[in-house]
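Numbering (the working numbering), first residue to last: 50 to 225.
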Amino acid sequence: MTVPTSVEWVEKFAGTDLEDLCVATEEAILDGNGFGWLKPPPRDILEDFWRGVLLVPRRELAVARFDGNIVGSGQLVRPAPNNEAQAFAATLTTFFVAPAARGHGLARGLLAAIEKRAAELGFEVLELNVRQTQTAAIALYESCGYARWGTKERYAKVGGEFVAGYYYSKQVSGAG
């Protein structure tokens, strides 16, 4: 039996969307893929975080669904309007798929949707950064054509130890 999967853009939460997203986020954090968090925050903080994402005008939230439930996310962040010199590049952040929903092409589909939206908005480049310990994400980015252009040795501190971070970019449209 094939479980239905999809990727969509969210402008407001409906039904159990916020609950689903919080559960998926907690699972990803516990798996070591918490886009900054090392342990799940209290639920009210997590809910406020996701509600806040929808309020920020320069952010767009894409979600991955597995059997109707949100199991992953990615944000497309546009540069500030006063940053003309870097107006060609958008940023990908909070990109994850919960462990139980992996292996169904959702991460690849989510990434493709975000790249497509960035190109539609006129961005030439999509940038991202990731902890070196997130090997599955790194493999995905590299297999999708992202080029590593930098390393920050003291990117994050996990368990009292510094962990390096990698910086990637990919041309998604334009002549660049």
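Every residue, glycine too, gets a C-beta built ideally from N, C-alpha and C.
Use the C-beta contact count for residue 211: other C-beta atoms within 10 angstroms, 16 or more gives buried, fewer gives exposed. By the 16-neighbour rule on beta-carbons within 10 angstroms, residue 211 is exposed.
Would the stretch 116-132 count as touching the stretch 186-195 if we require 3 or more Cβ pairs under 8 Å? no
If you follow the alpha helix (DSSP H) that residue 195 is in, where does it begin and where does it stop? Counting along the chain, residue 195 falls outside any alpha helix (DSSP H), and DSSP gives it neither H nor E.
Taking the alpha-carbon positions, what's the residue 61 to residue 176 distance? 25 Å
Spatial neighbours of residue 178 in its chain, beta-carbon cut-off 6 Å, leaving aside the 5 residues before and after: 214 and 216
Where DSSP assigns a beta bridge to residue 118, which residues make up the other side? Under DSSP, the beta-bridge partners assigned to residue 118 are 115.
Touching by the beta-carbon criterion (3+ pairs, under 8 Å), the stretch 138-154 and the stretch 65-85: yes
Give a yes or no on whether the C-beta atoms belonging to residue 173 and residue 123 are separated by under 8 Å. no
Selected residue, minimal CA-CA separation from residue 202, among 208, 186, 218 and 181: 181
By Cβ distance below 6 Å, which residues in the same chain neighbour residue 84 in space, the five residues on each side in sequence not counted? 143
Verify whether the separation of the beta carbon atoms of residue 205 and residue 82 is less than 8 Å. no
According to DSSP, is residue 205 part of a helix, a strand, or is it coil? strand
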